[in-house]
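Going by my numbering, the letters in the sequence shown line up with residues 298 to 470, in that order. Positions of the beta carbon are idealized from the N, C-alpha and C atoms, including for glycine.
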Amino acid sequence: MTNFALREQLPYRPCVGIVLFNDKGKVFAGKRLPQDKHFAKYIWQLPQGGIDKGEVAAEAALRELYEETNVKSVEIIEKTKEPLFYDLPDDLLGIGLKGKYRGQRQDWFALRFVGDEDEINVKRPANGQHRAEFSAWAWKELSEMPDLIVPFKRKVYQDLLKAFAHIGPKEAA
């Protein structure tokens with residue numbers, strides 16, 4: 298089967314992504330554990346993950362954030378108006394995403410972190426109930442993220458920059 302035929306046959310995986318802002322307007326970025334050649338240079342990404350059967354996107358976003366970072370202390374700011382999509386590159390088609398998907402359809406959420414940074418634990422996320430996906434984390438400018446993500450996800454991150462650029466530092470009460 299040609300890559301084109303396989304791509305057309307495979308669906309998009311329903312997912313969520315999280316842009317977690319701190320009170321200074323910076324975003325949480327996780328340093329991915331080494332996985333394959335596509336992640337050798339581009340190792341930083343925003344939390345993301347699949348939507349479980351029967352789960353709504355906002356619930357999935359909160360669950361995925363907790364499973365990847367241990368963070369529960371958040372407020373939802375907003376959601377992208379439309380889902381964002383990316384396609385796997387040809388050499389990962391039929392391999393990446395367990396070979397079942399052509400890419401991802403992602404509902405992205407902007408969240409505000411309202412807890413103490415001690416809550417963040419990427420090495421033992423979900424209180425040890427979930428395998429680590431990140432080896433480290435940092436607060437970064439949202440504008441930096443498109444250059445730090447693997448090229449096949451770059452357009453999604455550029456769209457996130459446009460969608461959430463207006464979100465800045467938390468205003469003092």
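Alpha carbon of residue 406 to alpha carbon of residue 378, nearest angstrom:
10 Å
Name, in chain order, the residues that DSSP records as bridge partners for residue 431.
329
Looking at the structure shown, is residue 376 part of a helix, part of a strand, or coil, going by DSSP?
strand
Can residue 457 and residue 440 be called in contact, C-beta distance under 8 Å?
No, the Cβ-Cβ distance between residue 457 and residue 440 is not below 8 Å.
Euclidean distance between Cα positions of residue 328 and residue 464:
23 Å
Separation of residue 356 from residue 365, as counted between CA atoms
14 Å
Run the CB neighbour count on residue 344, radius 10 Å, all protein chains shown included, and call it buried at 16 or more, exposed below.
Classification of residue 344: buried, given that the 10 Å Cβ count is 16 or more.
Since residue 344 is in the beta strand (DSSP E), which residue starts that stretch and which ends it?
Counting along the chain, residue 344 falls outside any beta strand (DSSP E), and DSSP gives it neither H nor E.
List the DSSP bridge partners of residue 382.
Partner(s): 402.
Can you tell me where the alpha helix (DSSP H) with residue 453 in it begins and where it stops?
451 to 461
For a quick check, are the C-beta atoms of residue 368 and residue 362 less than 8 Å apart?
yes
Helix, strand or coil: how does DSSP classify residue 350 here?
In the structure shown, residue 350 sits in coil (DSSP, three-state: anything other than H, G, I, E or B).
Is residue 397 buried or exposed, if buried means 16 or more other CB atoms sit within 10 Å of its CB?
exposed
Roughly how many whole angstroms lie between the Cα atoms of residue 412 and residue 306?
Between the alpha carbons of residue 412 and residue 306 lies a gap of roughly 43 Å.
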